[in-house]
Structure formats: structure tokens, C-alpha cells
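A short write-up of the structure that comes next.
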Amino acid sequence: GTLKVTLRAVTITVDDKSKIYGQTDPTFTGSITSGSLVADDDLGTITYSRTNTAEAVGTYENVLTANYTGNTNYTVTVVPGTFTITKADTMTVQAYSEEKVYDGTALVASGTANVTEGTTYEYSTDGGETWSSDVPSITNVGTITYKVKAINANYEDAVAEGTLKVTLRAVTITVDDKS
Numbered sequence: 012g013t014l015k016v017t018l019r020a021v022t023i024t025v026d027d028k029s030k031i032y033g034q035t036d037p038t039f040t041g042s043i044t045s046g047s048l049v050a051d052d053d054l055g056t057i058t059y060s061r062t063n064t065a066e067a068v069g070t071y072e073n074v075l076t077a078n079y080t081g082n083t084n085y086t087v088t089v090v091p092g093t094f095t096i097t098k099a100d101t102m103t104v105q106a107y108s109e110e111k112v113y114d115g116t117a118l119v120a121s122g123t124a125n126v127t128e129g130t131t132y133e134y135s136t137d138g139g140e141t142w143s144s145d146v147p148s149i150t151n152v153g154t155i156t157y158k159v160k161a162i163n164a165n166y167e168d169a170v171a172e173g174t175l176k177v178t179l180r181a182v183t184i185t186v187d188d189k190s
């Protein structure tokens, strides 16, 4: 008779992980989900890592993998994990409120965010119902309240409110006495 030793099948499943944009990567993990090892160290120390270096917000499928020492007694299947980077909520924006006496020139809305790279701005003068890249302004006497929204692919949108006010200009007319 002939004795035959067949390969032992083992499946390592890498856990899906996520992080918030700008943070360091979490510890990657996984486990043997099918089959088993004869001895705990038959595949060496199993470690887990990313196969990409992307840092932008997004979902990266099959980029988490298992690293192990090969062993000719096993056939190893690795089920890779998905890595997700979610938006950070640390962006803030400031809207500037301004007031001036009427002088015939426009008073223009403005805002600045604490994150400038990749940030764009939109404005609303209807309480946030509609947004536009058109910057609100006021020239004649009156008041407008506006919202400014900072938008960045890696951060949650940030919104702030400001007011622009143009007040009456006092004019004194002096009439000369005539006889």
C-alpha cells in the first residue's frame, strides 16, 4: 500500500477596518476561519497589513491582507478585507458679519475655513435651502443674512452664518440765507 499525505487547507479571513481621515491606521486583524493548524506556529506569526497607501476618503476593497510564512504542508487562502476612510468632522468655517454706512460700494460676504487645501465655498441667502458659488453682496441700505458652507472631499461640510448691513448715510443740507 501507498500512504499519501494531502495538503491541509486553511482560510485566513482579514477583518474589514476603517478610520477617520487624518488619523493613523488602526491595527489590522484577522483569523483562521476555515481549517486549522496542526501547530500554532506552522505559518509563523500571522500579521495583517494594507497593500495600498491611499489616504483620501473612500472605500478600498481587498486591500487588507494576511502575511505568513509559507508551509508546504498547507494550502492557504487569504480572504482580503476592505479598508474605509471616512470624512473627518474637524473642519470649521467662519462667516464674517460686517456693517457700514452707505457709500455706493458693495459690502461682500466672506468666510474662511480652518482647512484651506481642497476647500471650496458655497453661499445661501435663503436659510440654506439653496446653495451657489455666487458670493452675496449688498450695496444699498438694508440687511442680508447669509450662510457660507465650506466643502472638502475629506471633511464633513461646515456651515456658518453672517450678516451684511448697510446703514443710512447722514446728509446735511444747508440753505444760505438770502435777502
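Counting with our numbering, you get residues 12 to 190 for the letters of the sequence shown.
All C-beta atoms in this analysis are idealised placements derived from N, C-alpha and C, irrespective of residue type, glycine included.
Whether residue i touches residue j by CB criterion (8 Å)
i      : j      : result
ASN163 : THR130 : yes
LYS160 : VAL146 : no
TYR132 : GLY122 : yes
TYR166 : ALA99  : yes
ALA77  : VAL21  : no
VAL68  : ILE96  : yes
Cα-Cα separation between residue i and residue j, rounded to whole angstroms
i      : j      : result
ALA117 : VAL182 : 20 Å
THR127 : MET102 : 9 Å
LYS111 : THR38  : 55 Å
LYS189 : ARG180 : 28 Å
GLY153 : SER144 : 22 Å
Neighbourhood of residue i by C-beta, 8 Å cutoff - its chain only, sequence neighbours within 5 removed
i     : result
ASN84 : VAL16, LEU18, ARG19, VAL49, ASP53
Cβ-based neighbour list, residue i, same chain, cut-off 6 Å, excluding 5 preceding and 5 following
i      : result
SER108 : GLY173, THR174
7 Å CB neighbourhood of residue i in its chain, flanking five on each side removed
i      : result
VAL119 : VAL146, SER148
Per DSSP, the bridge partner or partners of residue i
i     : result
TYR61 : Tyr is not the amino acid found at residue 61; the sequence shown has Arg there. Paired residues: LEU75.
*Touching or not, the region 73 to 92 and the region 39 to 56, by the rule of three or more beta carbon pairs under 8 Å?*
Yes, the region 73 to 92 touches the region 39 to 56.
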